[in-house]
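These notes are about the structure you will find just below.
In this note's numbering, the protein residues as written are 2 to 297.
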């Protein structure tokens, strides 16, 4: 059993940390941003004042925060993780952030003698609670092997993609595919409803053919029922698509469909839906079409 620092115990991080606890690992939490969840403390986690103290106590330090600036702050602030590292400790960033920044962060951490893995996840709150996340990892193979038993407490499909930054690149690619599939399902159901067909019956018919997908199954049902409580919020998916579009600009390539989907998410945000589930992208299309599929 390992001593693990876990920094970032929000919607995704708290259940991920809880799964590590259930496996018998000792957790150390930082309260530099806010109080540690009482449920984790009650289960044996130790709350410390800042990320540096967490790094001093832990062999593995897991970071699960919203975006690139927060990762940089946690790692490199004056009382950050880097200040508490020593050789053979492992930093595992499971946030979804910039692949370019990740390579810089990894270099700085590796210079301390510690090792760095970028290990972003897919699967949402449901996967975090069930311990069935897909985890895309970038880093050295020997470091990956050391961390694998911990990752297996939180996920099922765990892949070493390549070197540092490659895990984050895979996650950005994942978010492009998910976003475009959500838009495809939303457009199809809106088209059906506007044409007078029952979108629930259209979805049922499509589930038996080549158009079938997890997005059509899960998010198609959310769209029809109007259940948009967040599993993954629109503003977080917008952040991920910004990473894709910024990266595309750096690489000199065009991602026209990604850009279009981002615009529909922006419509949702303008309607006050930044915290809606990303399946609520359909509400942006409905607004522009002046037609709701739930009125059929």
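The beta carbon of each residue, even a glycine, is placed where N, CA and C say it ideally should be.
Sequence-distant Cβ neighbours of residue 200 in its own chain, meaning closer than 7 angstroms and more than five residues away, are 190, 193, 194, 225, 294, 297. Nearest to residue 128 by C-alpha distance, out of 252, 15, 83, 290, is 15. With fewer than 16 neighbouring CB atoms inside 10 Å of its own CB, residue 114 falls in the exposed class. Between residue 157 and residue 121, the CB-CB gap reaches or exceeds 8 angstroms.
Cβ-Cβ distances below 8 angstroms link residue 236 to 270, 275, 276 in the same chain, with the five nearest sequence neighbours on each side left out; the list follows chain order.
With respect to residue 72, residue 98 sits close: the two C-beta atoms are nearer than 8 angstroms. About 7 angstroms separates the beta carbons of residue 164 and residue 140, which is inside the 8 angstroms limit, making them a contact pair.
In the same chain as residue 59, and ignoring 5 residues on each side of it, the C-beta atoms closer than 6 angstroms to its own belong to 4, 5, 6, 29, in chain order. For residue 158, the uninterrupted beta strand (DSSP E) run begins and ends at 156-163, by DSSP.
Among the bridge pairs identified by DSSP, residue 48 is matched with 30. Within the DSSP bridge table, the entry for residue 118 names 93 as partners. In the three-state scheme derived from DSSP, where H, G and I count as helix and E and B as strand, residue 209 is classed as coil. For residue 256, the secondary structure class from DSSP, reduced to helix, strand or coil, is coil. For residue 103, the closest alpha carbon among the candidates 123, 69, 112, 86 is that of 69.
Nearest C-alpha to residue 150 among 233, 61, 221: 61.
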